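Heads up, the thing below is written out as structure tokens.
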Amino acid sequence: MKQLFSMLIAGMLGGLITFGGIYLLQDDQDAANLSALPTSHFVKNVNRSPVTAPTTKFPFDFKDAARKSMPAVVHISSKVSGNGQEEGMNPLRYFFDNGDAPQVGTGSGVIYTSDGYIITNNHVVDNADEIEVTLFDNRTFEGRVIGTDKKTDLAIVKIEGVDLPTLEVGDSDSAEIGEWVLAVGNPFDLTSTVTAGIISAKGRSIRILGGGDAIEAFIQTDAAVNPGNSGGALIDTDGRLLGINTAIATRTGAYQGYSFAIPVNLVTRIVDDIIEYGSFQRAYLGVSIAEMDSEDAEELGIDLSQGVIILDLVDGGSAQYAGLLPKDIITRINGKEIKGVPELQETVGRAKVGDQIMVTVMRRGQEVEVPVRLKAYDN
1 MKQLFSMLIA GMLGGLITFG GIYLLQDDQD AANLSALPTS HFVKNVNRSP VTAPTTKFPF
61 DFKDAARKSM PAVVHISSKV SGNGQEEGMN PLRYFFDNGD APQVGTGSGV IYTSDGYIIT
121 NNHVVDNADE IEVTLFDNRT FEGRVIGTDK KTDLAIVKIE GVDLPTLEVG DSDSAEIGEW
181 VLAVGNPFDL TSTVTAGIIS AKGRSIRILG GGDAIEAFIQ TDAAVNPGNS GGALIDTDGR
241 LLGINTAIAT RTGAYQGYSF AIPVNLVTRI VDDIIEYGSF QRAYLGVSIA EMDSEDAEEL
301 GIDLSQGVII LDLVDGGSAQ YAGLLPKDII TRINGKEIKG VPELQETVGR AKVGDQIMVT
361 VMRRGQEVEV PVRLKAYDN
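Taking UniProt numbering, the leading residue of the sequence shown gets 1, the next gets one more, and so forth.
Shown next, in the form of structure tokens:
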């Protein structure tokens, strides 16, 4: 009996020892697993700078630019009489939201001065009998047209206001293809709408203004622009004005991928004249021109495929007086490269009557610089 009891006690003690050994062994194994993690794991965590959580934001956003620009972009409503509409139908009015009544249209404008001068497109106010301007804060004013320039599709409307918000003017020359831009306006009567895109091209002519003396050197963008955006602002990411939205390339009448804005460096030149004189005091080179291509270069026997060929001279014009000749190929003006007609038209259009510009031409294979004093356009 004693022997059986002794064996039972021994068995119980053996079980307890075994259980305790397993428990201790498990703790040892856990410790072994922890200590067995690669030392480099801790070294990296200790020595490496904390990683910032990933974000979906761009390196910049458009909030500040939108906040700066929206108060300076206005809604313009104009009423056109039936007779005026029929007699003066503007080819750009397809881009002008006509609403329910064909004689009423809406567009956009940009406040240029704090005392109420507003830039818009000519086709927004063309032949208008009444103009109503609504500000971002919903105040409304009666507007009157100070002057227009159909060859660039620009106009100035004046309202009687004080301390109005304005936009800082940017530099459209320094704006680059691929740069982010915003279009601000009132498409389809949806006030204060902002869309984003990039500059797709510069110096673009779409032959929409008509006539050889029209100035078309648009900034092309893929920011969504629709009827009602006409006269609104194209701005950079700092909220500076780069252009006036004017037209779209479309087969439907609505946005299909490309829109066009008049560059601000040309805009300011024209609207400053309109404000001061009531019209654009335009300087003319006095030439009939065509765009250079490889066939022209081959015919003329020169190694040049870009530039503008002078076909003919206006009798008594600036070019003739300065000594430019037919078949001269204009390659630069004041050191700025001229690749095609739009760049030439914009560059000369930004000069003032009486200015002297330095025109670089290729003449019989030789580069020649000709100073030209610009005269006023003589109708």
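Ideal Cβ placement from N, Cα and C applies to all residues, glycine included.
Fair warning: this is a prediction, and the values are worked out from it, not measured in the lab.
Residue closest to residue i, alpha-carbon to alpha-carbon, out of the options
i	options	result
S259	R269, I244, G105	I244
D189	K375, T134, G323	T134
V73	Q366, Q220, T191	T191
T113	I156, L285, L374	I156
K352	I262, R251, L374	L374
A214	P342, V271, G286	P342
D137	P71, R282, T360	P71
R139	G301, N127, G161, T221	G161
G253	D171, S279, V264, V225	V225
G354	R282, G323, S69	R282
G340	R269, S305, Q366, Q256	S305
residue 430	L209, V267, K202	Since the first residue shown for the chain is 1 and the last is 379, residue 430 is missing from the structure and cannot be characterised.
L285	A297, Y321, N121	Y321
R207	V359, I274, F218	F218
L325	G335, V368, A297	V368
R364	E337, A376, S172, A297	A297
T250	D222, V264, K336, D303	D222
Y377	D303, G349, D312	G349
I248	D273, Y277, D272, L209	L209
Under 8 Å between C-beta atoms of residue i and residue j
i	j	result
G107	S230	yes
D129	S205	no
I111	P187	no
S78	I131	yes
A65	G239	yes
I330	I310	yes
I235	L167	yes
T193	F62	no
E295	V308	no
V184	S69	yes
I159	G170	no
I270	D149	yes
Nearest-angstrom Cα separation, counted from residue j out to residue i
i	j	result
T246	I119	12 Å
A232	E299	What sits at residue 232 in the sequence shown is Gly, not Ala. Looking at the two C-alpha atoms, the distance is approximately 45 Å.
S200	A261	11 Å
L242	T195	15 Å
R93	G301	Below a pLDDT of 50, predicted positions are generally treated as unreliable, and R93, at 47, falls in that range; the measurement from the model is reported next regardless. Cα to Cα, the separation comes out at about 45 Å.
V370	T347	16 Å
V124	W180	26 Å
I76	S279	21 Å
I177	G257	16 Å
Q366	K202	29 Å
D163	V287	44 Å
G105	N121	13 Å
G323	V361	11 Å
N98	K327	Legend: pLDDT at N98 = 48, less than 50; position of this residue unreliable, value from coordinates given subsequently. Roughly 47 Å between the two C-alpha positions.
I275	D293	39 Å
R67	G212	40 Å
N265	I289	23 Å
Y314	G228	Here the sequence assigns Val to residue 314, which means Tyr is not the residue at that position. Whole-angstrom Cα-Cα distance: 39 Å.
I338	Y117	33 Å
residue 380	L182	Residue 380 cannot be examined here, being either before or after the span of the chain that is shown, 1 to 379.
P263	S172	6 Å
Q345	V145	26 Å
Under the three-state DSSP convention, the category residue i falls into
i	result
I159	coil
G21	Low confidence applies to G21: its pLDDT is 40, below 50, so where it sits in the model is not reliable, and the reading given next is rough at best. In the structure shown, G21 sits in a helix (DSSP, three-state: H, G or I).
K44	Caution applies to K44, whose pLDDT of 30 falls short of 50 and renders its modelled position unreliable; the model cannot decide the point.
T250	coil
R204	strand
Q220	strand
R332	strand
D273	helix
V225	coil
T237	coil
K150	coil
T166	coil
E337	strand
T113	coil
A297	helix
Beta-bridge pairing of residue i - partner residues as DSSP gives them
i	result
Q366	R363
N245	A261
P358	In the sequence as displayed, the identity of residue 358 is Met instead of Pro. In DSSP, M358 forms a bridge with P371.
G185	T193
D312	S288
T120	A155
K327	BP columns for K327 are empty, so no partner.
Below-8 Å beta-carbon distance, residue i vs any chain B residue
i	result
I329	This model lacks chain B altogether, as it is built from one protein chain only.
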